[in-house]
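K.L.:
Listed in order, the protein sequences are those of chains A and B.
Residue 1 is where the first sequence starts when you use the numbering used here, and the numbers rise one by one after that.
Residue 1 is where the second sequence starts when you use the numbering used here, and the numbers rise one by one after that.
Think of the CB as a built atom: it goes at the ideal place given N, C-alpha and C, for glycine as much as any other residue.
Structure below; questions to follow.
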Amino acid sequence: MRRTALSALWSHWRRHPFQLLTLILGLALATALWSGVQAINAEARASYAAASEAVGGTRPVLVREGGDIPQETYIALRRAGWQVTPIVEGWLTSEAGRVRLVGIDPLTAPPDIAAAGTVLEGEIGDFFTPPGQLIASETTAERLAEMDLPPVITAEGIAPSLAFADIGIAQGLLGMEGQITRLIVLDTQPLTTPPLSDIAPKLTRRDSGGQADLARLTDSFHLNLTAFGLLSFAVGLFIVHGAIALAFEQRRPVFRTLRALGLPARDLTLLLITELLAFALVAGALGVALGYLIAAALLPDVAATLRGLYGAPVEGALAFRPAWWAAGFAIAVAGTAAASAGALWKIARLPVLAPARPRAWAMASQATLWAQLAAAGALGALSLAAILFGSGLVAGFVMLGALLLAAALLLPAVLSGALALASRGAKGVLAQWFWADTRQQLPGLSLALMALLLALAANIGVGTMVSSFRLTFTGWLDQRLASELYVTAETNEEAERMVAFLEPLADAILPIWNVEAEILGAPAEIFGVADHATYRDHWPLLSALPGVWDSVAAGEAVLVNEQLARRERLSPGDRLMLPGGALTVGAVYSDYGNPLAQVLVGVDELVRRFPEVERLGYGLRLAPDRLDAVRTALVDDFGLPPDKMIDQQAIKAFSMQVFDRTFTVTGALNVLTLAVAGFAILTSLLTLAAMRLPQLAPAWALGLTRGRLARLELMRALMLAALTMVLAVPVGLVLAWVLLAVINVEAFGWRLPMHLFPRDWAVLGVLALLAAGLASLWPAVKLARVPPSQLLKVFSNER
Amino acid sequence: MSPTNDTETPAPMLLTVTDLHKSFPGDPGPVPVLDGISLHLPAGDTLALTGESGSGKSTLLHVIAGLETPDAGQITIQNTALETLDDTGRAALRRETVSVIFQQFNLIPSLDVAANIAFQARLAERHDPDWCATLTDRLGLTPHTAKYPEQLSGGQQQRVAIGRALAGKPPLVLADEPTGNLDEATGDAVIDLMLELVAETGAGLLMVTHSDRLAARLSRRLHLSRGRVA
């Protein structure tokens, strides 16, 4: 019985293959965007985990606040019985990118460090003996081949952008002779060892937090990507919902017949669920495959962003991960269930003798409109509640999601009202018919238009956020990068000689010295600033106490970046605990793009608290026309390598490059979402086209040509897209505000001013019209060519 | 004198309806549609239900088919009391015991003529390809087996519906104004064929019709007026 009934249900799809294609493709597209984003996230997180495992995993470490550990301290600890292994860490930089070099002692390193195992299996002597060896993954080895380095051997299981060397070789390559970055405390320790404070009082024991910090820093980035994936998925679901609702509505008489011929309601519902499950699995497979392609295309940019913004080691190549394949299928099934739940509920409760209303789907009742309005109101209230009472990133996204859905649900009512107004003002019978007919068609198109609204609003919102960010960031870079040239010496001694050399050449030499430390339990940077007009005139302060620069110079106050101020709820006048004692917060400054907390103290105060701070970096103030001369003098007369200096313009260009690359992914997802919405309109118009004949045939019979009717259909689609675009602008702006004032603050710790870009809206409007125009062209051409016999069938009594 | 055949047993009772009541919600109160209807139909017998519009003919047919539930009264089909059946039981009854021929044909538009005719028999797992082929031939549909319903005339569609109803050789056929959508000549031809085939399968037939002329062609007739047997 079930097989026979199933064959009847399937026969519908055999006769309507395009509708089936719409359903599968809509679901596949939705799944593709979602699983593509998930693939990127999974790849990045796997890279972090591999990197964490590579350098000691979760073992505790010994570090020295504000500097490296002298080798003698390590020897002293070993002699006292402490089972520790040294790690030296630094960056190798070339045009091919940066590679993190980790120096290890393979004899004391824990065997689970991938490289240590490789060394012990191979010729250990080659690893120790100069020139030594580097161990890296195959792709990293290719990058290293372009640098002047010891031979590289490749090994499996090494994290991307990471290379290992013997500690002595690494110290030489990184210019860190006699220095150790940290000591890993091994699992097995003697029963009695003297306390750390007796042997190395300057060292602090910390839980290994390096990669955890990285995960924390990048979490917001991944959450943003996930949110975008979810938005695209929601847009896709509108297509699926529309396609399923239409398919169910068209088959409603068949369902009734099946019931009348003896198929129980329970069996019918089960068969429909089976059918949908089959679709979801097919679409899921297609979607995951498409998602893989999307992820493979976007991953290089994401990897570059993560490396540039956070120094996170992510390779630009995608690996096969069964977890996200499974997740892709799960989301396709869940999406289908969400999109079809309403339709299935109706079928399960369908009275056998319900009057056949083949156009019931297109004839949305007033009750549906009211229900949509009520749902929009509830979602609006949820969004408001999330603003007023929620906190954290998740509340931000709840608010965003509720807001967007509320706007989408409001759309049919607003469009219906606008069309009612237009029809009131219409003069002439054709115009009256046009408006009335458009209004009648609206319910059938409303899901596609909702998808378009979401896509357009997301485009406007995200576009406004990115452009506002860019504008603010450019202005901020101008303020922040006031020095004309930035130079870095190799050693403190060289720095001293360089300052003496530069004194007659530059107007001012501003130290850029910093230490990494822990402030209020999280990693932070502490910079020392000179008392100079450059800072007083240019530093981008958001709020400050009077005379703040004098207080900073006197070592009485600090400046904190916005991220730290927001995280710890600090404002000028508060006290902030720092290594070496608390100071008053004198001001808060904007610090876009920095994931870390940052504190500025007077340079003398920095040296007092961290006497061993490296004094290598300086900003030079000089007249721009003397820039080239000073640069030449530094290279030719002083002997500073050219790669140790960078001018303001180069830093700005690099920063903007990182910035633009960061948002390449956002831009690509924006375009994909709009494409999905365009597809939604196309499929809705095509499926509606067949159902429209009974409405159009009378107009044709009364004297309108098929060509004219087709042109009117085209105009209708354009007009509805234009109206949707007009409504998308305010929704998009609210979205931008939420992104700038709520999500950014929660995710990154800074708030950006909002700017408006009406030109971008105009371009987007033209794109939306183009998408709607192209989507409606095919159905319109089909209508212009429909044979008169088909139109005449509408009037046949024998149907 | 030839002896009278006193030993001939009467046909077993196929359908018994007793004191059936059904009303629909209305303003200001429920509107009674069936008001104490009782009837019976022996196996192989034919009964016409006539009456003016709104007299309750179609509702009676739907209630007998288990498509509607009565407010009160009993219906027994082949010794099975309908009120004891749930939705699944009523569906099984429609599948295996009762076939309905609708005025609007209610064919499955995505299946061709051959598949539509065989459909209910296959649902009931009583598909007999030879009988289906005979039926198709008798109904004059052999040249149209590969066509879809939308490619057929109204008369042809109704013949497909009759074929579908009889393909499983059900004991009871319920026909709701089967010629209501057809012109007189086509309607007559369809009824001739239907009566012929019903007689051949030995099914009982209960047919709703407006037409006295068509009703006269069935063995018995029951006239309804305002929900009662007139």
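Residues in the stretch 109-130 of chain B with C-beta within 8 Å of chain A's C-beta atoms, listed in sequence order?
P.N.:
P109, S110, L111, A115, F119, Q120, R122, L123, A124 and E125
K.L.:
Contact between the stretch 465-482 of chain A and the stretch 566-585 of chain A: three or more CB pairs below 8 Å?
P.N.:
no
K.L.:
Kindly indicate which residue of L281(A), D68(A), P60(A) and L6(A) has the alpha-carbon position closest to the one of T188(A).
P.N.:
P60(A)
K.L.:
Does the stretch 566-574 of chain A come within contact of the stretch 626-639 of chain A, defined as at least 3 CB pairs closer than 8 Å?
P.N.:
The stretch 566-574 of chain A, when compared against the stretch 626-639 of chain A, does not touch it at the 8 Å Cβ threshold.
K.L.:
Counting only the same chain and skipping the five closest in sequence on each side, list residues whose C-beta sits under 6 Å from that of E605(A).
P.N.:
Once the five neighbours on either side are set aside, the close Cβ partners of E605(A) are G555.
K.L.:
Quick check on DSSP: helix, strand or coil for P579(A)?
P.N.:
P579(A): coil per DSSP, three-state reduction.
K.L.:
For a cutoff of 7 Å on Cβ pairs, would you count V173(B) as touching chain A?
P.N.:
By the rule that beta-carbons nearer than 7 Å mark a contact, V173(B) does not touch chain A.
K.L.:
Does DSSP classify H532(A) as helix, strand or coil?
P.N.:
coil
K.L.:
With a threshold of 16 other CB atoms inside 10 Å of the CB of Q790(A), please say whether the residue is buried or exposed.
P.N.:
exposed
K.L.:
For L263(A), which residues in chain B fall below 7 Å Cβ to Cβ?
P.N.:
A91 and L123
K.L.:
Who pairs with Y618(A) in a beta bridge, going by DSSP?
P.N.:
Beta-bridge pairing links Y618(A) to V487(A) and P511(A).
K.L.:
What are the residues in the stretch 47-67 of chain B lying within 7 Å of chain A by C-beta distance?
P.N.:
H62 and L67
K.L.:
Report the residue from L674(A), A136(A) and A243(A) whose alpha carbon sits nearest the alpha carbon of P456(A).
P.N.:
Looking at the sequence shown, residue 456(A) is not Pro but Leu. L674(A) is the residue among L674(A), A136(A) and A243(A) whose C-alpha sits nearest the C-alpha of L456(A).
K.L.:
Three-state secondary structure (DSSP) at Y589(A)?
P.N.:
strand
K.L.:
Grouping DSSP H, G and I as helix and E and B as strand, with all else coil, what is G26(B)?
P.N.:
coil
K.L.:
Near A784(A), what residues of its chain come up, given a Cβ to Cβ distance below 8 Å and the 5 sequence neighbours on each side ignored?
P.N.:
These residues qualify, in order along the chain: R706, G707, L709 and A710.
K.L.:
Candidates D183(B), A146(B) and P32(B): which alpha carbon is nearest S23(B)'s?
P.N.:
S23(B) has its Cα closest to that of P32(B), out of D183(B), A146(B) and P32(B).
K.L.:
What's the gap between the Cα of V676(A) and the Cα of K346(A)?
P.N.:
Looking at the two C-alpha atoms, the distance is approximately 28 Å.
K.L.:
Measure from the C-beta of D87(B) to each C-beta in chain A and report whether the shortest distance is under 7 Å.
P.N.:
yes
K.L.:
Closer than 8 Å by C-beta to L404(A): which residues in its own chain qualify, once you throw out the five before and the five after it? Chain order, please.
P.N.:
L231, A234, L454, A457, A458, V731 and L735
K.L.:
Would you please state the rounded distance, in angstroms, between the beta carbons of A124(B) and R95(B)? I believe it to be under 8 Å.
P.N.:
5 Å
K.L.:
Assuming G90(A) contacts M147(A) (C-beta within less than 8 Å), just tell me the rounded distance between them.
P.N.:
Their Cβ separation, rounded to whole angstroms, is 13 Å, which puts G90(A) and M147(A) out of contact at 8 Å.
K.L.:
L172(B) lies in the beta strand (DSSP E); which residues open and close that run?
P.N.:
L172 to D176
K.L.:
Let me make sure I understand the geometry here. Which of L545(A), L107(A) and G291(A) has the alpha-carbon closest to that of A42(A)?
P.N.:
Sorting L545(A), L107(A) and G291(A) by C-alpha distance to the C-alpha of A42(A) places G291(A) at the top.
K.L.:
List the endpoints of the continuous beta strand (DSSP E) containing P32(B).
P.N.:
V31 to P42
K.L.:
Please say whether I167(A) and V37(A) have beta carbons closer to each other than 7 Å?
P.N.:
no
K.L.:
Quick check on the burial criterion: 16 or more other C-beta atoms within 10 angstroms. Buried or exposed for W370(A)?
P.N.:
exposed
K.L.:
Would you mind stating whether F81(A) and E612(A) have Cβ atoms separated by less than 7 Å?
P.N.:
The residue you asked about is not Phe; residue 81(A) is Gly in the sequence shown. No, the Cβ-Cβ distance between G81(A) and E612(A) is not below 7 Å.
K.L.:
Can you give me the C-alpha to C-alpha distance between A381(A) and V185(A), rounded to a whole angstrom?
P.N.:
53 Å
K.L.:
If you draw a straight line from the alpha carbon of R621(A) to that of D647(A), how long is it in whole angstroms?
P.N.:
11 Å
K.L.:
Would T269(A) pass as an interface residue toward chain B - the criterion being a Cβ-Cβ separation below 7 Å?
P.N.:
No, T269(A) lies away from the interface with chain B (no Cβ there is under 7 Å from its Cβ).
K.L.:
One question on the structure: do A728(A) and A772(A) come within less than 7 Å of each other, judged by their Cβ atoms?
P.N.:
no
K.L.:
Excluding the five sequence neighbours on either side, which residues of its own chain have a C-beta within less than 7 Å of the C-beta of W324(A), listed in chain order?
P.N.:
S35, Q38, A39 and A42
K.L.:
Assign M194(B) to one of three DSSP states: helix, strand, or coil.
P.N.:
helix
K.L.:
Name, please, each residue of chain A whose Cβ falls closer than 8 Å to the Cβ of R95(B).
P.N.:
M1, L261, G262 and L263
K.L.:
Would the beta-carbon of L559(A) fall within 7 Å of that of A597(A)?
P.N.:
No, these two residues do not count as a Cβ contact at 7 Å.
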